[in-house]
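Report on the following structure.
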Amino acid sequence: MKPFKFTLEAVRTLRNRQEKNALEQYGKAVQAREQALAFLWKTREEMEKIFQERLDLSDGAPASTLAHLEKWTGEVAAREKECLQNVQLASLRVETTWQDLMLARQEREIVEKYLDRQRERYDRALDREEQKTLDELASRQGALNPLTPAFAWN
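Numbering (the working numbering), first residue to last: 421 to 574.
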């Protein structure tokens with residue numbers, strides 16, 4: 421009998437490659453989200469620093485210092501808003517790449533299940549062929565019965 425050959429090997433290779441690419445994209449999306457969150461936390465720490473400086477100057481400070489703090493607060497607040505938008509976009513990207521990964525995994529698993537079924541059919545056919553050969557050997561005229569000893573002619 422011919423050796424086993426999977427008829428959809430090219431499709432299997434393609435599905436494995438697609439799943440690997442989807443996994444890489446998902447990893448990049450998660451890293452981008454983590455980076456966006458890190459920037460957001462840095463911005464919020466800077467905002468806390470500004471509020472602490474304002475508290476320290478609550479007893480009185482020159483107008484130029486207060487104007488500088490007000491300008492700095494506006495800049496950091498705008499940056500915080502931008503960071504929040506970036507985190508939301510990155511989270512959305514993580515969700516979409518996760519769904520792409522799950523779809524690629526399902527498509528690969530479909531091909532793998534087909535491979536398993538095709539391999540099982542091949543193994544059953546191989547078992548039938550082997551049994552047929554054994555039955556032919558056992559039914560031949562003049563063949564030794566494997567259950568009788570070799571010295572039974574005596």
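Using N, Cα and C, we set each Cβ at its ideal position, and we do this for glycine too.
Whole alpha helix (DSSP H) elements within the region 492-538, 4-residue minimum:
none
When R432, V431, L443 and A430 are compared against L521, the one with the closest alpha-carbon:
L443
Which whole-angstrom value describes the C-beta separation of E439 and R528, a residue pair presumed to lie in contact below a C-beta threshold of 8 Å?
5 Å
Straight-line gap, M467 to A497 (C-alpha atoms, nearest Å):
8 Å
Count the other CB atoms, across all protein chains shown, that sit within 10 Å of the CB of R560; report buried if there are 16 or more and exposed otherwise.
exposed
Check whether A510 and R453 have beta carbons under 8 Å apart
yes
When you compare only the Cα positions, how much space is there between D543 and L512?
46 Å
Along the alpha helix (DSSP H) that carries L475, what are the first and last residues, could you check?
E429 to D476
Proximal residues to R432 (C-beta, below 6 Å), its chain only, five neighbours per side dropped:
V531
Apart from the five residues on each side of it in sequence, which residues of its chain come closer than 7 Å, Cβ to Cβ, to A471?
A quick correction: the sequence has Phe, not Ala, at residue 471. Excluding positions up to five away in sequence, the list is empty.
So what's R560 in DSSP terms, helix, strand or just coil?
coil
Can you tell me whether K552 is helix, strand or coil according to DSSP?
helix
Inter-residue spacing [alpha-carbon to alpha-carbon] between Q451 and A430:
32 Å
Three-state class that DSSP yields for D479 in the structure shown:
coil
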